[in-house]
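First comes the structure, then the notes that go with it.
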Amino acid sequence: MNEPVPSIRVEGLGKLYRRTMPGDRFRTLKSALVGGSLTTDLKSDEAIAALREVDFTVDKGEAFGVIGGNGSGKSTLLKLVAGMLKPSTGRIVVDGRVAALIELGAGFHPEISGRENVFINGAVLGLSRKEVERRYDEIVEFSGLGDFMEEPVKNYSSGMYVRLGFAVAVHTDPDVLLVDEVLAVGDEAFAHRCIRRIEEFLAQGRTLLLVSHSLDMVEGVCDRVLWLDNGVQKLVGTPRRVIDAYRQAVAEAEGEEHQAAKEQRQSEELGPEGEPLRWGSREAEITSVRLLGPDGERYHLESGEPATFEIRALAAQPLSDFVFGVAVSTPRGIECWGTNTDLGGLVPDSFEGEVTVRLTCPSLRLAPGDYVVDAAVHSRDGAPYDYQRRVVTFTVSSRERGVGVYFPEHRWDFAGGVRWRED
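Its first residue numbered 1, the sequence shown is counted upward by one per residue in the numbering used here.
This is the structure in structure tokens:
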């Protein structure tokens with residue numbers, strides 16, 4: 001069995017940037033060079049480490065994804081692999097011709113036409129003028145910009161920039177294609193066309209290094225994934241394993257943020273526009289509200305996951321008239337769903353001391369987006385004991401797409417002369 005052949009090898013990679021210090025605006029390139037390198041011999045408080053000790057290998061014909069939050073070093077990594085930046089430590093070895101689609105509009109001259117930019121870009125990527133001429137019609141057809149090729153690219157929209165840049169990059173026969181988040185700028189139809197072209201590119205035994213915040217795209221395209229966190233390599237492995245670990249870390253971080261925000265709101269008891277966030281007689285008090293997922297406290301859910309809204313409350317004196325309620329809405333106040341124990345047919349008997357009340361949804365099928373939770377304990381005629389607005393916020397994601405706030409279970413069925421093909 002043949003051993004995989006490396007296309008990209010990254011060993012001990014690190015990248016430092018000089019931190020802007022007081023008086024730096026008076027420094028010149030000449031003074032920096034005379035005094036030494038811009039980044040060597042820096043003190044810890046003088047440098048920002050964009051990447052530290054990153055190691056991985058990408059084989060020929062492999063699609064390799066890079067994920068992580070903003071500022072994690074993803075774009076810096078691609079620029080290093082593309083040769084646009086030099087490593088501070090470690091080394092990068094790339095086998096073959098590289099085409100990079102990294103920064104929106106990079107490599108385009110705004111004052112000249114799309115046609116002229118195609119020839120300039122082709123030359124930068126190593127093609128002769130005759131080679132560009134031979135591929136020009138294919139580039140224009142793929143980009144869908146036939147009516148705009150004589151226009152200066154400064155008149156292009158961001159989506160048109162992406163169309164032209166990607167069309168040129170994939171028609172220069174690169175061995176390695178580097179693609180950053182810029183694909184997210186294009187429209188959906190063009191994104192599908194790009195994905196199909198990338199799949200053809202990989203089928204020819206070529207290599208893709210893809211940076212994207214779209215975890216669904218990364219999982220659908222890539223063979224392996226690297227997770228970067230503040231410049232540090234957290235995990236490399238199969239897409240499902242790495243993406244699940246990343247989502248869990250994001251959920252935990254969001255939980256901490258939600259808890260801090262909740263405590264801040266409770267201390268202020270006023271919303272952003274001065275509206276009260278809590279009111280009532282306090283004959284009964286809500287002491288905490290949590291959102292629980294299948295594996296504990298969670299503030300990020302996949303649509304359709306089970307979810308439990310947990311209320312802990314305290315009644316200092318016995319109550320025989322009480323109702324517990326929960327309502328979910330969007331941050332802009334669109335009501336999505338709400339219920340209470342009275343609507344559920346539960347007749348109150350007694351409530352004294354500390355209690356825990358849980359409302360469980362076996363499948364919370366909300367659409368992707370952000371949501372806020374109100375919780376209340378009140379009398380049966382509606383008189384509030386303790387009403388708390390926006391006491392919990394959470395996020396829902398989904399691989400499905402749709403419109404609205406509710407994602408019911410559904411399927412499509414067809415009969416007769418209708419056929420569908422895979423996208």
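Think of the CB as a built atom: it goes at the ideal place given N, C-alpha and C, for glycine as much as any other residue. Treat the numbers as computed from the prediction; the structure is a model and nothing was measured.
| Item | Value |
| --- | --- |
| By alpha-carbon positions, which one of 339, 391, 252 ends up nearest to residue 288? | 391 |
| Given a threshold of 16 other Cβ atoms within 10 Å of its Cβ, counted over all protein chains shown, does residue 163 qualify as buried or as exposed? | buried |
| Since residue 340 is in the beta strand (DSSP E), which residue starts that stretch and which ends it? | 335 to 340 |
| Residue 12 and residue 55: beta carbons closer than 9 Å? | yes |
| Under the rule that 16 or more other beta-carbon atoms within 10 Å means buried, what is residue 346, buried or exposed? | exposed |
| Considering only their Cβ atoms, is the gap separating residue 377 from residue 368 smaller than 9 Å? | no |
| Work out the CA separation of residue 307 and residue 352 for me, nearest whole Å. | 27 Å |
| Please give the ranges of any alpha helix (DSSP H) in the region 132 to 156, keeping only runs that are unbroken, at least 4 residues long and fully inside the region. | none |
| Report yes if the C-beta distance between residue 324 and residue 379 is below 9 Å; otherwise report no. | no |
| Is residue 252 helix, strand or coil when you go by DSSP? | helix |
| By Cβ distance below 7 Å, which residues in the same chain neighbour residue 149 in space, the five residues on each side in sequence not counted? | 113, 114, 115, 140 |
| Per DSSP, what kind of secondary structure is residue 130 in: helix, strand or coil? | helix |
| Quick check on residue 116: does DSSP put it in helix, strand or coil? | helix |
| Identify, in the order they occur along the chain, each residue of the same chain with its Cβ nearer than 6 Å to the Cβ of residue 283, setting aside the five sequence neighbours on each side. | 385 |
| Below 7 Å CB to CB, which residues in the same chain sit around residue 60 once its five sequence neighbours on both sides are set aside? | 5, 7, 205, 207 |
| Enumerated in chain order, which unbroken segments of the alpha helix (DSSP H) with a length of 4 residues or greater are wholly contained in the region 383 to 413? | none |
| Which residues bound the alpha helix (DSSP H) around residue 216? | 215 to 221 |
| Starting from the Cα of residue 398, find the closest Cα among 370, 90, 417, 344 and give me that residue. | 370 |
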